[in-house]
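Residue numbers (the numbering used here): 1047 to 1208.
Given below as structure tokens:
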């Protein structure tokens, strides 16, 4: 339950506070923009949920610091991008901007990307290097952090060990 708070605030509460989820009519870009928005919101939700599930099943833990994974999570969507939860939340907010016809809402994930990327670089990644060592270093060298690679990365050694 606690793990849902961060994404709910970032991708739900804050966009609601900024827009009250009022649709601007006519929606700039019309039906194609709204369809793309729906895909981004739905896709973001699916990626976020599958990322949480992957932490529990593959990592034997959670993304939360109080119950971290025992094993490095490199399967599923993590074979394409190192930070799929952050990417998914940004996609969901961008999708809301398109659905609601509120292009200024796109500024929110762009601005939020700076402190998020800084936190990842200065805190999360050093923690992962200390916890998983060479295994994480290899993963970081092969899988981009923010823009997914098209072909999934396949580790040389089976994932899951320390």
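Cβ coordinates follow ideal geometry from the N, Cα and C atoms, glycine included.
Residue j beta carbon less than 7 Å from that of residue i
i	j	result
residue 1080	residue 1145	yes
residue 1140	residue 1153	no
residue 1090	residue 1134	yes
residue 1138	residue 1055	no
residue 1191	residue 1128	yes
residue 1130	residue 1092	no
residue 1126	residue 1053	no
residue 1136	residue 1109	no
residue 1116	residue 1106	yes
Integer Cβ distance of residue i from residue j, believed to fall under 8 Å
i	j	result
residue 1074	residue 1149	6 Å
residue 1118	residue 1178	5 Å
residue 1162	residue 1182	Actually they do not touch by this definition, with Cβ atoms about 19 Å apart.
residue 1060	residue 1096	So it is not a contact: roughly 23 Å between Cβ atoms.
7 Å CB neighbourhood of residue i in its chain, flanking five on each side removed
i	result
residue 1069	1146, 1147
residue 1175	1182, 1183
residue 1078	none
Which of helix, strand or coil DSSP assigns to residue i
i	result
residue 1196	coil
residue 1179	coil
residue 1064	helix
residue 1131	helix
residue 1126	coil
residue 1118	coil
residue 1203	coil
Sequence-distant residues of the same chain with beta carbon closer than 6 Å to residue i, five excluded per side
i	result
residue 1194	1126, 1127
residue 1114	1107
residue 1057	1135, 1138, 1139
Closer than 7 Å to chain D by CB, residue i
i	result
residue 1080	Included in the structure is just one protein chain, with no chain D present.
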